[in-house]
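Numbered per mature numbering (1 follows the signal peptide of the UniProt record, and there is no 0), the sequence shown spans residues -21 to -1, 1 to 264.
Cβ coordinates follow ideal geometry from the N, Cα and C atoms, glycine included.
Beneath this line is the structure, given in structure tokens, with notes to follow.
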Amino acid sequence: MKTLLATCAVALCLAGTAAHAQDAAAKLPAKIKEAGKLVVGTSPTYPPLEFKDPATLELKGLDIDLAEEIGKRLGLKVEWQEQSFDQLINSLDTGRIAMGASGMTDIPARREKTDFVDYFSTGTQLFTTPEAGGDLKSVEDVCGKPVAVNRNGIFFIRLKDFSEKVCKAKGLADVNYVLVDKTADARLQLLQKRAVAAAQGVDAIRYLNEHTGSPDKGKFVLIGEPIAIDYAGFGFSKTNTELRDVVADVVDAMIADGTYSKIFAKWEMPYAEVRKTTVNTEARK
């Protein structure tokens, strides 16, 4: 009897998921529905969110799995467009892509052109190596020290905020910025001892430092807690609110039926889960 009830419960859940997917697909913009595909932009240089398998060159990561599941539920083939991170918002604005899936942190400056469906929490994490900065025990210890950071994006913004609101407020010297063009280069500056610390997303540095298959496993030491917490979202053009809302509905359904948590567990990121999507960090109406 218990087995029968369990089987029925699973069947009802699957039926509900299928019905929800049909409802969501019915709300798709006509152009996308007719094309039968969802064109998604990504910059695959940031594990565990998006990267290329070095052996097969296959796209992998949390964002890849989430977007593929979204496409599946909407009856759409996901067509991936690889590009540099700083091109994504322009590609959304010009219609080259319909959705951005690249760990895009939802911040006010980006909302001028882009809407976000926020689907995980992230943060800017300071870290070092025993050789470069073994004496750094708290985040304040980096004040006045050379810290490597990608000049393009949220980590530099949050590090500047930290320098102003923590270092300067406590009468300590400002952070000495070692600016690079890619987050991977910030780690390289640290490994080459051109900086005593670096800053990047807590999700990525934890994965690189803790994942069993990572070539960087155990190389780094996290310094305290993240200096800022933000939300990351799938990006959409301001003119594409229909697709934005459909994707938010689908992600919320994935949260409700457990698929979302399974994907986050696969990529060792349960700490980053949210209970419900938001749009531009605001609760959905």
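In the DSSP assignment, N155 falls within the beta strand (DSSP E) that extends over N155 to V159. When DSSP reads this structure, F99 sits in a beta bridge with A211. In the DSSP assignment, S70 falls within the unbroken alpha helix (DSSP H) covering L67 to T73. Bounds of any beta strand (DSSP E) do not take in Q168; it lies within the alpha helix (DSSP H) bounded by T162 to L170.
S240 sits in a helix when the DSSP states are folded into three classes. When beta bridges are read from the DSSP output, T107 appears opposite V200. DSSP places P205 in the coil class of the three-state scheme, outside both helix and strand. Between the stretch 71 to 78 and the stretch 148 to 164, the count of Cβ pairs shorter than 8 Å is below three; the stretches do not touch. In this structure, the alpha-carbon of L45 lies about 10 Å from that of L28. Residue environment for Y250: exposed (fewer than 16 other C-beta atoms within 10 angstroms of its C-beta). The alpha-carbon separation between K124 and T108 amounts to approximately 14 Å.
For the pair A9 and K16, the Cα-to-Cα distance works out to about 11 Å.
For the options A165, G50 and D94, the alpha carbon positioned closest to that of N69 is the one of D94. Taking 7 Å as the cut-off, the Cβ atoms of E58 and V18 count as close. Contact between N188 and G180 does not hold, since their C-beta atoms are separated by about 12 Å, which reaches or exceeds 8 Å. K56 is the residue among K161, K56, D32 and V118 whose C-alpha sits nearest the C-alpha of E13. Distances from the alpha-carbon of K255 to those of D182, W246, E247 and G237 put G237 closest. Comparing alpha carbon positions, the residue from V157, T191, S216 and R90 closest to E247 is T191. Sequence-distant Cβ neighbours of D42 in its own chain, meaning closer than 6 Å and more than five residues away, are L28, E29 and A80. In this structure, F106 sits near I184, with a CB-CB distance shorter than 7 Å. For N129, the uninterrupted beta strand (DSSP E) segment begins and ends at P125 to N129. Sequence-distant partners of S100 (beyond 5 residues in either direction) whose C-beta falls short of 7 Å from its own C-beta, in its chain, are I208, Y210, A251 and V253.
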